[in-house]
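Residue numbers (this note's numbering): 1 to 510.
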């Protein structure tokens, strides 16, 4: 075939040599000659395979403390020379430049070094120059050269060698080039982001790990996840995780992170429909489920405590999509996995990890970027604005409710009592409608709102929401404040014996 090329000479310069020996041996068996540097040369020679040192080919030693080794016309000419152009071939012959048909290289571990807390000088020295240049040169000349820019491409190369010997097609070389530019673009983005120091002067967000999902939000939409799910979770059981599962899991993880006491939460469509904090996990589960046992069906469950057998047996009575916990007792896991009819239920262990502090979202023909809402208001952040101040128990519930409101879609109102979510109005176009919805839901599931507290994600432009809440039995309110008509709501609370605190922090979530 016209587009098939033979590999006769390979330049190999890598740090990660695991799995490389089989490739080297296979290439050697096919008659391929090797050029290499330092440790990689020693590795190849340790396999009793001859290897030419880069210094012998170029006539120059490695200089400037190893900063310059491969940057030489005899190396880059051999990679970039176009075999079909007579002028290139003639110049290569004139300057005794050998054709290089395969480049296997990896890069200094810049990102890992920067993350390790190393000194600036150590980090700068891990900015690869020769390696990244080799990758770009070989990828550019994919019509003639194969580029293997990462250990991740060892297996595909070996498959080709086993099937076709030292011969590659144009399509194969083009695939390797695409993978190489993925490696180089990721590497350069990591370097830029280090120097940018979170200033976001330009957006360089890249992920190498891509997972095709069954579909997107709906079956007619394609969906992909770019990220390493396994860095955050260990999946113990269940079907393949879907696009909607990932959205709910993300919402659940961010929600539970704001609670220190033993807490159980149940989410549906990114919103909590049940949540409770209790000394015992079994009680947290039961009270979370009581918040809305209808919506809990098919929901995502999350806790910040190790799941015991007693709680597991109760959880197992409910159909759920996903269960997340930091761990499970052995007998609890047995209880959750013993029924073969429930093998599709996704059970995850959440690992200790640091989540991103920046959020990205497509909008129009661009991307919106913002800091994540990391504010969680405590007692010291509450400013009492009414004659009556909240009791100790009400303060605890106001803090609890305000955490919940932050993680609920706007417009939202949350009712809580005894550190239990009683009801919420979610995603309404009117805050009045959100209040009415919460009141109706509380009544539907038999909750008495007398003595409960209310949290709002944004200020009240009129006292109507406070009036509805007071009539339902609410005794204390937390809200950001900031309306030019704040005083109307304050006056109503004073006239009707309600306590109100303001935080000065709005928690819209769209």
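Where is the CB? At the ideal position from N, CA and C, for every residue including glycine.
Since this is a predicted model, take the numbers as computed values, not measurements.
Selection from the options that minimises the alpha carbon distance to residue i
i           : options            : result
residue 417 : 442, 250, 337      : 442
residue 128 : 79, 191, 335       : 191
residue 485 : 478, 459, 409      : 459
residue 170 : 400, 383, 145      : 145
residue 361 : 205, 69, 133       : 205
residue 313 : 202, 371, 338, 297 : 338
residue 451 : 475, 444, 439, 461 : 475
residue 345 : 335, 444, 354      : 335
residue 153 : 114, 219, 181, 143 : 181
residue 74  : 25, 62, 57         : 57
residue 248 : 320, 391, 126, 173 : 320
residue 126 : 139, 136, 111      : 111
residue 551 : 131, 64, 157       : Not covered by the structure: residue 551. The range shown for the chain is 1 to 510.
residue 469 : 284, 489, 410      : 489
residue 504 : 408, 378, 396, 472 : 378
residue 130 : 90, 52, 76, 427    : 76
residue 282 : 268, 307, 270      : 307
residue 445 : 391, 331, 294      : 294
residue 98  : 142, 82, 105       : 82
Secondary structure of residue i, DSSP reduced to three states
i           : result
residue 499 : strand
residue 474 : coil
residue 53  : strand
residue 431 : helix
residue 215 : coil
residue 130 : helix
residue 60  : coil
residue 593 : Residue 593 is absent from the model: the chain starts at 1 and stops at 510.
residue 35  : strand
residue 221 : coil
residue 68  : strand
residue 389 : coil
residue 441 : helix
residue 4   : coil
residue 459 : coil
residue 43  : helix
residue 226 : strand
residue 233 : strand
The beta strand (DSSP E) enclosing residue i, as first and last residue numbers
i           : result
residue 405 : Where residue 405 is concerned, there is no enclosing beta strand (DSSP E), although the alpha helix (DSSP H) it sits in stretches over 392-406.
residue 323 : 320-325
residue 10  : 9-13
residue 423 : 421-425
residue 104 : 102-105
residue 542 : This structure does not reach residue 542, given that the chain is present from 1 up to 510, and the question cannot be answered.
residue 453 : 453-456
Terminal residues of the alpha helix (DSSP H) in which residue i lies
i           : result
residue 110 : 110-115
residue 240 : That residue, residue 240, is in no alpha helix (DSSP H); it is neither H nor E in DSSP.
residue 29  : 20-29
residue 385 : Neither: residue 385 is in no alpha helix (DSSP H) and is coded neither H nor E.
residue 74  : 73-80
residue 87  : 86-94
residue 99  : Taken as a continuous stretch (DSSP letters only), residue 99 belongs to no alpha helix (DSSP H), as it is neither H nor E.
residue 124 : 120-125
Near the ligand COA: residue i beta-carbon under 7 Å from a heavy atom
i          : result
residue 51 : With respect to small molecules bound, the structure shown includes none, and the ligand COA cannot be examined in it.
Residue ranges of each beta strand (DSSP E) within the segment 140-198, 3 or longer: Taking only runs of at least 3 residues, the beta strand (DSSP E) segments lying wholly in the segment 140-198 are 146-148.
Touching or not, the segment 430-450 and the segment 461-473, by the rule of three or more beta carbon pairs under 8 Å? A contact exists between the segment 430-450 and the segment 461-473.
List in chain order: all unbroken beta strand (DSSP E) runs of 3+ residues lying wholly within the segment 332-377. DSSP runs (the beta strand (DSSP E)) wholly in the segment 332-377: 346-350, 358-363, 366-371.
In chain order, which alpha helix (DSSP H) runs of at least 4 residues are fully inside the segment 236-310? Segments of the alpha helix (DSSP H) lying fully in the segment 236-310: 243-256, 281-290.
So, do the segment 33-52 and the segment 5-23 have three or more beta carbon pairs nearer to each other than 8 Å? Short answer: they touch.
Check whether the segment 84-93 and the segment 59-72 touch, using three or more Cβ-Cβ pairs below 8 Å as the test. These segments do not touch.
Would you check if the segment 171-179 and the segment 149-163 touch, i.e. whether three or more CB-CB distances between them fall below 8 Å? Contact holds: three or more Cβ-Cβ distances are below 8 Å.
Quick test of the definition: if touching needs 3 or more C-beta pairs under 8 Å, does the segment 249-268 touch the segment 393-409? At 8 Å Cβ cutoff, the stretches touch.
Tell me, please, whether the segment 208-222 touches the segment 361-371 by the rule of three or more beta-carbon pairs shorter than 8 Å. Touching, no.
Contact between the segment 419-428 and the segment 260-279: three or more CB pairs below 8 Å? By the Cβ rule, the segment 419-428 counts as touching the segment 260-279, because three or more pairs are nearer than 8 Å.
Does the segment 236-253 come into contact with the segment 317-331, if we say contact requires no fewer than three beta-carbon pairs (one atom in each stretch) closer than 8 Å? Under the 8 Å Cβ criterion, the segment 236-253 counts as touching the segment 317-331, having at least three qualifying pairs.
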